[in-house]
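Take a look at the structure below.
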């Protein structure tokens with residue numbers, strides 16, 4: 040499916056194409072490529088065509104819809120009414136949500152058509168989508184490589200042009216990192232911008248819903264429609280959303296763009312370092328003043344994150360006990376019901392996070408791990424506050440190296456965790472952050488630049504991201520891994 | 246001191262697994278202890294971060310409130326759909342008392 044999300048919406052709005060035609064084209068593409076790519080866990084053909092017909096009726100009756108007939112893929116940890124939600128876990132088999140997630144409902148109101156649910160690392164825990172209990176997802180640029188994760192299915196679906204946009208969730212980089220690995224835009228809004236009602240919880244002080252799209256302007260549109268307060272989620276901030284699309288073309292002449300010193304440390308992959316230099320030049324061409332800024336505690340971000348996110352995950356996942364969700368294993372006693380359901384239902388990475396979280400929260404270790412990590416997080420936030428006194432935007436690579444090979448890091452959890460070294464700091468600080476494709480490595484794999492702004496300054500972020508995107512000129516071509524399929 | 250790899254012994258893993266309501270086969274305990282030990286020893290770098298005495302956690306924004314009025318919920322029907330067993334409009338859960346615990 041060619042064309043941006045905005046152009047699809049315009050064509051359907053002007054009745055140059057029907058939403059049904061668009062949905063059919065998307066579904067045909069998915070049927071052709073999904074057996075190879077593995078980006079979708081479930082495709083909803085009949086429901087999507089019905090939804091498309093409803094959009095056509097709404098357009099005919101004169102409704103103005105910002106997403107008229109736009110096919111959207113949804114990560115399978117978000118509720119879509121009537122569709123299953125598995126989180127790529129066996130423990131949620133058969134569970135049907137009681138309605139739409141707020142983010143989904145808002146896009147539906149704007150005319151989106153939901154074509155299917157995408158693959159992810161189980162409960163969004165992972166950086167390669169290899170922790171799915173159901174299937175592998177392949178990177179459209181090289182089918183032997185990971186798509187990133189945990190929103191790998193959504194990123195691969197957008198990169199292979201199966202859909203013009205998809206929803207993901209980001210706790211420590213799960214939208215931005217796969218976006219960078221697959222050569223698409225991945226945007227994590229400020230903590231509190233988008234309601235998490237209907238997003239299955241992982242790390243509640245970190246989780247955000249956000250879009251994956253082919254360009255920055257499409258991301259701004261999806262974000263603008265989803266963002267804002269929600270009576271069903273008290274963490275959804277009552278802050279004015281402004282006009283993200285209107286901010287896109289504002290330019291960044293004279294802005295101070297701070298390159299994160301901690302993002303250029305010794306040992307940086309030479310391919311990434313070279314690309315970073317091209318990014319610097321792109322900002323200069325856009326009229327920005329490039330500076331260097333330091334966020335000293337960013338180097339400890341992975342350590343802080345794996346204490347806090349795991350602690351929150353171990354609490355959030357305590358609810359999966361065989362009583363309320365999914366299949367029940369062994370009912371000989373209550374303890375046996377809990378233990379067998381959880382032991383058989385969760386995969387190894389989820390168990391690892393639960394064990395790590397409960398370790399950090401357990402008596403004797405709580406203060407040394409959870410307490411210290413909370414205080415270190417506060418210090419990191421102070422570091423960012425100071426850095427933003429010296430820069431309007433802060434940038435660093437999105438990923439420490441291009442997408443690695445399938446299977447390369449599955450046996451080394453710590454190495455896998457370090458894939459998120461550049462994305463985790465913004466998560467801990469609650470900042471809006473976007474990964475914009477920034478070029479191809481010598482072997483033809485996508486790289487991404489991450490741009491961060493102060494909390495709730497999404498309009499500033501979008502102006503910077505759009506200016507950068509225009510100057511860097513990422514190739515508009517079908518990824519080579521799926522070109523001949 | 247918390248911090249070295251020996252913090253995460255097989256005994257610690259066994260205890261935490263019990264708290265987590267997870268069963269780890271005895272034969273896997275050393276693998277789990279080794280993997281978790283390496284992660285914890287990486288995490289131990291947070292002990293090196295100097296802390297100011299006056300440090301306070303970052304303030305959270307106030308929780309928004311809404312008028313205390315009844316609104317339609319999701320309805321019992323949608324929730325009941327997920328019950329593994331149903332009886333006269335109720336979800337049936339396993340026996341939790343007197344089951345030999």
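Protein chains in written order, with our numbering: chain A, 40 to 524; chain B, 246 to 346. Don't be surprised by glycine CBs; every beta carbon is placed ideally from N, CA and C.
query                                                                                                                                  : result
Rounded straight-line distance, which links the Cα of residue 300 of chain A to that of residue 60 of chain A                          : 49 Å
Whole-number beta carbon distance between residue 409 of chain A and residue 339 of chain A, since they are thought to touch under 8 Å : About 15 Å separates the two Cβ atoms, so there is no contact after all.
C-beta neighbour in chain B for residue 493 of chain A, strict 8 Å                                                                     : no
Segment contact, 8 Å Cβ cut-off, at least three pairs: the region 265 to 285 of chain B with the region 374 to 392 of chain A          : yes
Within 8 Å, strictly: CB atoms of residue 513 of chain A and residue 490 of chain A                                                    : no
With 16 other Cβ atoms within 10 Å as the buried cut-off, status of residue 249 of chain B                                             : Residue placement at residue 249 of chain B is poorly supported in this model, since its pLDDT is 49, which falls under 50; the coordinates are not used for a value here.
Meets three-Cβ-pair contact criterion under 8 Å: the region 47 to 64 of chain A and the region 136 to 145 of chain A                   : no
Identity of the residues DSSP links to residue 209 of chain A by a beta bridge                                                         : A:247
Closest residue to residue 329 of chain A among A:429, A:371, A:122 (Cα-Cα distance)                                                   : A:429
Own chain, CB closer than 7 Å to residue 132 of chain A, minus 5 neighbours either side, in chain order                                : 125, 365, 366
Spatial neighbours of residue 321 of chain A in its chain, beta-carbon cut-off 7 Å, leaving aside the 5 residues before and after      : 507, 510, 511
Cβ pair count under 8 Å reaching 3, the region 177 to 189 of chain A against the region 219 to 237 of chain A                          : yes
Contacts that residue 135 of chain A makes with chain B (C-beta to C-beta distance below 7 Å)                                          : 326, 327
Minimum length 4: unbroken alpha helix (DSSP H) runs contained in the region 384 to 454 of chain A                                     : 387 to 400, 411 to 429
Interface partners of residue 308 of chain B on chain A, CB under 9 Å                                                                  : 273, 274
Partners in chain A for residue 337 of chain B, counting only beta-carbon separations shorter than 8 Å                                 : Residues of chain A passing the Cβ test: none, with the nearest at roughly 10 Å.
Within-8 Å CB hit, residue 346 of chain B to chain A                                                                                   : Residue placement at residue 346 of chain B is poorly supported in this model, since its pLDDT is 42, which falls under 50; the coordinates are not used for a value here.
Within chain B, the residues that residue 345 of chain A reaches when beta carbons sit closer than 7 Å                                 : 284, 288
Contact under 8 Å by Cβ, residue 411 of chain A with residue 291 of chain B                                                            : yes
CB contact below 8 Å: residue 463 of chain A versus chain B                                                                            : no
Residue 117 of chain A (DSSP reduced to helix, strand or coil)                                                                         : strand
Reference residue 251 of chain A, options A:152, A:458, A:209, A:105, closest by Cα                                                    : A:209
For residue 94 of chain A, the three-state DSSP class (helix, strand or coil)                                                          : helix
Sequence-distant residues of the same chain with beta carbon closer than 7 Å to residue 213 of chain A, five excluded per side         : 163, 188, 189, 190, 207
Opposing strand residues paired with residue 241 of chain A [DSSP bridges]                                                             : For residue 241 of chain A, which the question treats as bridged, DSSP gives no partner whatsoever.
Rounded distance between the beta-carbons of residue 128 of chain A and residue 455 of chain A, thought under 8 Å                      : At roughly 18 Å, the Cβ-Cβ gap does not stay under 8 Å, so residue 455 of chain A and residue 128 of chain A are not in contact.
Min CB distance residue 390 of chain A to chain B below 8 Å                                                                            : yes
Residue 49 of chain A: first and last residue of the uninterrupted alpha helix (DSSP H) it sits in                                     : 44 to 52
Coil, strand or helix - residue 185 of chain A by DSSP                                                                                 : coil
Closer than 8 Å to chain A by CB, residue 265 of chain B                                                                               : yes
Residue 289 of chain A versus residue 281 of chain A - alpha carbon distance                                                           : 14 Å
Given residue 385 of chain A as reference, the closest of A:407, A:371, A:359 once Cα atoms are compared                               : A:359
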